[in-house]
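Notes to accompany the following structure.
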Amino acid sequence: MSIRAHFTPLTQTPAPEQDRHVLATVTYGDTAGLTRVLSGHPDLTVPMTATGGDAFREVWTVAGRPRWVLREDNAYAHDGRHLFVAGLLPQQDIYTPPVRALYEKAFALVNHLDYGHIFRMWNFVGDILGTNTEGMEIYQDFVQGRAQAFHTYMGDSTAQLPAATGIGTQGRGIAFLLLATRRGVPRHIENSRQTSAYHYPDQYGPKPPSFARATLLDDTLYVSGTASILGHETVHQGDVRRQTQETLDNIAHLISRDNLTAQGIEAGHDLKDLRLIKAYVRHENDIPAVRAVCEETLGLGVEVKYLNVAVCRDDLLVEIEGIVPGQEWDL
Ligand code: 3EB
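All the letters of the sequence shown, read from the start, carry residue numbers 205 to 535 under our numbering.
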């Protein structure tokens, strides 16, 4: 009965599966916007592939028949067990107040619809390394608004912060999506090689980023966007191969039995268990190098989607995420 995802080519309309329904889709393509596709479910499109990389669609399916609501700047879908919420914010001079309002509205909806736990978020930040009209980096401006919204939603506690990706796009403004569950209780996981993002020192910005390194829901492990960061510091500046290897080493440790059992979770995985992998690559010309390291480390059999967008620090050349699917997933 779990929520599941798979990737399809853009040319393929999601085919109905036996006893499964499409909750929502996310299109990694070259236009932006929230649109209704033919079969009715919400689709969030993010611009990431116009300059290179792989365009594809991520299809989220559930067991129940979903209800869909689509508006101009947000959409949601839910089946009684799982909830998808997406939202859009056009380009702004200053992001903190409107980001706060956008995320508070989403969290209020999660509460109102009675889906108790957010277990995964994606945050797509256009011009992520640019500056706002007051000279603040747009990522830091975004992080501050998001932190304020989380504070409204859950106070000072970091215990419920979900796995997330925070990444650039080839457009402007901000888009996000979140997944929440009514039944299961997610377990949020940290990585002993890395400072918790919500404890990053203030040299990176006035508020630390609000996310966990991974979230376990049922027997599925959602791995956050992960970069070449040890402690809180970027390592291997200027060396995309070593950054890619360090990123994969970080994920390998995150999902390992050592790291999980230390947090009270009786499980252990390795990189060959990872699926639905996305590698966000800062420079298009670096995609072949990132691909080479991924293929060496993960093997040739595992599909990785490469996207050409900036990461949230100027010195990060790559960020990688994935999912360790549970028993019910047929990937
Ligand atoms: C890092 O480890 C890399 O702000 O939501 C990864 C995942 C990163 C999520 C976010 C940022 C975010 O700090 C950046």
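Virtual Cβ for every residue (Gly too), placed ideally from N, Cα, C. Since this is a predicted model, take the numbers as computed values, not measurements.
So residue i and residue j are supposed to be a Cβ contact under 8 Å. How far apart are they, rounded?
i           : j           : result
residue 386 : residue 285 : 6 Å
residue 282 : residue 271 : 6 Å
residue 522 : residue 513 : Not a contact, Cβ separation roughly 11 Å.
residue 215 : residue 263 : That pair is no contact at about 13 Å.
residue 289 : residue 365 : At roughly 16 Å, the Cβ-Cβ gap does not stay under 8 Å, so residue 289 and residue 365 are not in contact.
residue 219 : residue 245 : Not confirmed; about 13 Å, so no contact.
residue 488 : residue 231 : Not quite, the Cβ-Cβ distance comes to about 20 Å (not below 8 Å), so this is no contact.
residue 380 : residue 326 : 6 Å
residue 368 : residue 429 : 7 Å
Pull the bridge partners of residue i from the DSSP assignment, please.
i           : result
residue 247 : 229 and 239
residue 288 : 281 and 383
residue 398 : 435
residue 335 : 341
residue 482 : 509 and 525
residue 418 : 393 and 427
residue 363 : Note: residue 363 sits in no beta bridge, so no partner.
residue 372 : 329
residue 262 : 211 and 230
residue 322 : 384
residue 271 : 282
residue 378 : 293 and 329
residue 442 : Paired residues: none, contrary to the question.
At the 7 Å Cβ level, is residue i part of the contact set with chain B, yes or no?
i           : result
residue 337 : No chain B is part of this structure, which consists of one protein chain only.
Look at the alpha carbon of residue i and the alpha carbon of residue j, and state the distance between them as a whole number of angstroms.
i           : j           : result
residue 234 : residue 524 : 20 Å
residue 502 : residue 479 : 10 Å
residue 304 : residue 483 : 28 Å
residue 258 : residue 249 : 14 Å
residue 404 : residue 223 : 44 Å
residue 530 : residue 423 : 5 Å
residue 362 : residue 527 : 22 Å
residue 421 : residue 490 : 34 Å
residue 396 : residue 226 : 36 Å
residue 398 : residue 406 : 16 Å
residue 427 : residue 455 : 8 Å
residue 415 : residue 359 : 14 Å
residue 444 : residue 275 : 40 Å
residue 357 : residue 311 : 7 Å
residue 505 : residue 477 : 11 Å
residue 349 : residue 471 : 35 Å
residue 419 : residue 435 : 20 Å
residue 451 : residue 475 : 11 Å
residue 465 : residue 459 : 10 Å
residue 411 : residue 351 : 7 Å
residue 409 : residue 518 : 14 Å
residue 313 : residue 388 : 18 Å
residue 238 : residue 273 : 12 Å
residue 333 : residue 370 : 12 Å
residue 236 : residue 302 : 19 Å
residue 467 : residue 315 : 28 Å
Excluding the five sequence neighbours on either side, which residues of its own chain have a C-beta within less than 8 Å of the C-beta of residue i, listed in chain order?
i           : result
residue 309 : 278 and 291
residue 520 : 431, 432, 433, 438, 447 and 486
residue 319 : 282, 286, 287, 384, 385 and 386
residue 336 : 296, 297, 298, 299, 342 and 345
residue 457 : 395, 396, 397 and 463
residue 210 : 262, 263, 265, 480 and 535
residue 469 : 391, 393 and 420
Please list, in chain order, all residues of the same chain as residue i whose beta carbon is under 6 Å from its beta carbon, the five residues on each side excluded.
i           : result
residue 535 : 479 and 529
residue 330 : 373, 375, 376 and 377
residue 306 : 291 and 293
residue 449 : 497
residue 481 : 508 and 526
residue 400 : 394
residue 533 : 208
residue 328 : 250, 373 and 379
residue 441 : 519
Below 7 Å CB to CB, which residues in the same chain sit around residue i once its five sequence neighbours on both sides are set aside?
i           : result
residue 510 : 257, 258, 483, 485, 491, 494 and 495
residue 347 : 409, 411 and 413
residue 221 : 265
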